[in-house]
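**Student:** Its first residue numbered 3, the sequence shown is counted upward by one per residue in my numbering. Note that beta-carbon positions come from the ideal geometry of N, C-alpha and C, so glycine has one too. Quantities reported herein were computed from a predicted structural model and do not represent experimental measurements.
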Amino acid sequence: MFYKHCALWFCLWLATGHSSYASEMESAPQPMVTVIPAPAAGKSGQPNLFTDQDGRVYLSWIERGEAGKSTLYFSVLKHGAWSSPQVIFTGTGQMVNPVDFPSLVRLQDGALAAHWLKNHSGGGYDIQVSFSSDLGKNWSDPITPHTDNSPTEHGFVSLLPATNGDLDLVWLDGRDYAEETRENQTALRYAQFDKSGQKTSEVVLDQRVCDCCQTAAANTRSGKVVVYRDRSANEIRDIAIVRYRDGEWMSPKVIHADGWEFHGCPVNGPSVDAKDRDLVISWYTGAGSTPQINLLFSRDEGDTFGRPVRVDGGDPLGRVGVVLLDNRSALVSWIEAGELRVRRVFSNGQADSPVTLAKLSSAMQSGVPQLVRNTSGVYFAVTQRGKPSSLLTGMINYKVKP
């Protein structure tokens, strides 16, 4: 009878979706990793990568100068090398944070959009967004997507090219902290802007979320999705998804009930990638005092998910990235034991052996490593600590399905 109960318990455990370690494949060849010399000078960091609809890869980053001055640059990968850096913004007053970093995207008509953070005179910081219609030679005066003007934190932005040609923007908004009559909480907000900088819509996606974890967004066949770390009234900080369908935002839902109770912010957001109806999400959790990196696949744009697969080596720091390689596998990146690691994971729970891309400091200054794909392979970028700090960029020769 004992064994029957154990067998029944195990089946129920599988059905409820508890994560299990990936089953390592024995004969998978190791990928080739090629370093691409970064275009950044000294005192550089906060890299971000983006791949446009034509497969071009963009790199943006910050270089710190003297007397509080900093410059936001971008470069485009051409014939296996980065182009000469172009300036997006230079000046004083930027809020430079290794885990809350600027970004750049290309819109459907070829226009560029970029964001960075600016210190607020009364405390906190604000989001700045600028557009370029001439391949980055000139940039518009920056706009601020939030209009509350409160001395609170606004950041952890995800930019996404909208399918109608506009710009989608998601951010964490701390304006409720300025209202003494309200409970202190951060909201997840969304807005859309046309290329002239005019706001065409804005909505609160979730009124109470984790204060300082990166957001992530992607386009699927039927609409966009936003993934983030939620925050319940009981301080459960699991990963949630919000989907846009048929002209409306759906209610948030937790992708997997880790049940991680954490009284603070872990500064460890999720990552998402999508192609057509396929969707993959990676994230860090410390539930049960067991740090781990998990991966979930969906074949229906996030309506349902398979069972989570654990991919780490036992003591991960987190700061994940993920890209789809095809409709049955993905590549996930994370920091563990002072290393930036990647691992190919299949939807059936099998996985290749982990690959170490770089030795990294576990300090916050290493930031959040970046991972993107095109049909030539997978690209990564990360900050390397030193005097001065520098960027490491490269390509991993995984085959990526068009």
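Put Asp208 into one of helix, strand or coil per three-state DSSP.
**Tutor:** Note: Asp208 maps to strand in three-state DSSP.
**Student:** Note down the Cα distance separating Ala9 from Pro310, rounded to an integer number of angstroms.
**Tutor:** Residue placement at Ala9 is poorly supported in this model, since its pLDDT is 34, which falls under 50; the coordinates are not used for a value here.
**Student:** Nearest chain B C-beta to Leu174 closer than 8 Å, yes or no?
**Tutor:** The displayed structure is made up of one protein chain only, and chain B is not part of it.
**Student:** Quick check on Leu394: buried or exposed, where buried means 16 or more other Cβ atoms within 10 Å of its Cβ?
**Tutor:** Answer is buried; the Cβ neighbour count reaches 16.
**Student:** How do the region 297-313 and the region 323-341 stand: do at least 3 beta-carbon pairs fall below 8 Å, yes or no?
**Tutor:** Short answer: they touch.
**Student:** Could you check what DSSP says for Gly290 in three-state terms: helix, strand or coil?
**Tutor:** Gly290: helix per DSSP, three-state reduction.
**Student:** Mark Pro404 as exposed unless 16 or more other C-beta atoms lie within 10 angstroms of its C-beta, in which case mark it buried.
**Tutor:** That one is exposed.
**Student:** Would you kindly work out how many angstroms separate the C-alpha atoms of Trp63 and Thr36, rounded to a whole number?
**Tutor:** Trp63 and Thr36: Cα-Cα distance of roughly 20 Å.
**Student:** Identify the residues that DSSP records as bridge partners of Met397: which are they?
**Tutor:** DSSP lists Thr36 and Tyr381 as partners of Met397.
**Student:** For Ala17, is the classification buried or exposed, using 16 other Cβ atoms within 10 angstroms of its Cβ as the cut-off for buried?
**Tutor:** Note that Ala17 has pLDDT 37, beneath the 50 cutoff, so the model's placement of it is unreliable and no number is given.
**Student:** Just verifying my parser: in three-state terms, what is the DSSP assignment at Ala180?
**Tutor:** Here Ala180 sits in helix by DSSP.
**Student:** Curious, which full-length alpha helix (DSSP H) runs of at least 4 residues does the region 337-388 contain?
**Tutor:** Runs of the alpha helix (DSSP H) inside the region 337-388: none found.
**Student:** Using CA coordinates, which residue listed in Asn140, Leu119 and Pro144 is at the minimum distance from Ser132?
**Tutor:** For the residues Asn140, Leu119 and Pro144, the minimum Cα distance to Ser132 belongs to Pro144.
**Student:** What do you get for Asp248, buried or exposed, if any count of 16 or more other CB atoms within 10 angstroms of its CB means buried?
**Tutor:** The residue in question, Asp248, is exposed, as its Cβ has fewer than 16 Cβ neighbours within 10 Å.
**Student:** If you draw a straight line from the alpha carbon of Val269 to that of Gly304, how long is it in whole angstroms?
**Tutor:** If I take the Cα positions, the gap works out to 24 Å.
**Student:** Quick check on the burial criterion: 16 or more other C-beta atoms within 10 angstroms. Buried or exposed for Phe12?
**Tutor:** Because Phe12 carries a pLDDT of 30, less than 50, the predicted location of this residue cannot be relied on, and no value is offered for it.
**Student:** Let me check one thing: in DSSP terms, what residues is Gln96 bridge-paired to?
**Tutor:** DSSP lists Lys120 as partners of Gln96.
**Student:** Beta carbon of Gln194, beta carbon of Pro104: below 8 Å?
**Tutor:** In this structure, Pro104 does not lie closer than 8 Å to Gln194 by Cβ.
**Student:** Taking DSSP's pairing of strands, which residues face Leu190 in a bridge?
**Tutor:** Leu190 is bridged to Leu174 and Asp208.
**Student:** Tell me the DSSP secondary structure of Pro31 in three-state form.
**Tutor:** Residue state, collapsed to three classes: coil.
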